[in-house]
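Shown next, in structure tokens, is the structure this report addresses.
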Amino acid sequence: MATKKNKPADRLKTVKPSGKREETFFELVFDVARQIPKGKVTSYGAIAEILGTKLSARMVGWAMNGAHKVNPPVPAHRVVNRVGLLTGKHHFSTNTKMQELLEKEGVIIKNDQVVNFQKYFWNPGE
DNA sequence: ACCATGACTAGAA
DNA sequence: CTTCTAGCCATGG
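So the first sequence is residues 19 to 144, counted in the working numbering.
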């Protein structure tokens, strides 16, 4: 039947001639994350959804794990969980680094959570 | 190859 | 309201 499960990402396996593993999810996530406008935030699920794997929001977060070692760097501080909670702040240099970065861009954080999250929310691919 | 973990999310109890 | 379960899939031991 009509296989509606068409994957937008389609794995996009960009095989690296370097012989290293292909980026797959990671590059896609990084690419989307870099498109987040300054002063805006998004959620892991939103990125995952754009990639066609909304149920794999975990991979988005996991991809961020390597965000600091890719070039150009990925603004992982603009990626929060679905409720605007800075769940990944512990992965930054300091516990307050993520919040400071966001506040510096005009995003208000209160109690480790983005104020008016939906208002600052940026829809990937928009 | 198998098992455990992880920066998530949605739904059920 | 809180707590738990299941699904997702890549990485590492």
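Note that CB positions come from ideal geometry on N, CA and C, so glycine has one too.
Under a 10 Å Cβ-count criterion, L73 is classified as exposed, with fewer than 16 other Cβ atoms of the shown protein chains found around its own Cβ.
Relative to the Cα of F135, the nearest Cα in the group V98, W80, F48 belongs to V98. Across the structure, V47 and N141 are spaced so that their CA atoms are roughly 14 angstroms apart. Fewer than three pairs of CB atoms, one per stretch, sit closer than 8 angstroms, so the stretch 117–128 makes no contact with the stretch 77–90. Scanning its chain for C-beta atoms nearer than 6 angstroms, with the 5 sequence neighbours on each side dropped, one finds around G79 the residues Y62, in chain order.
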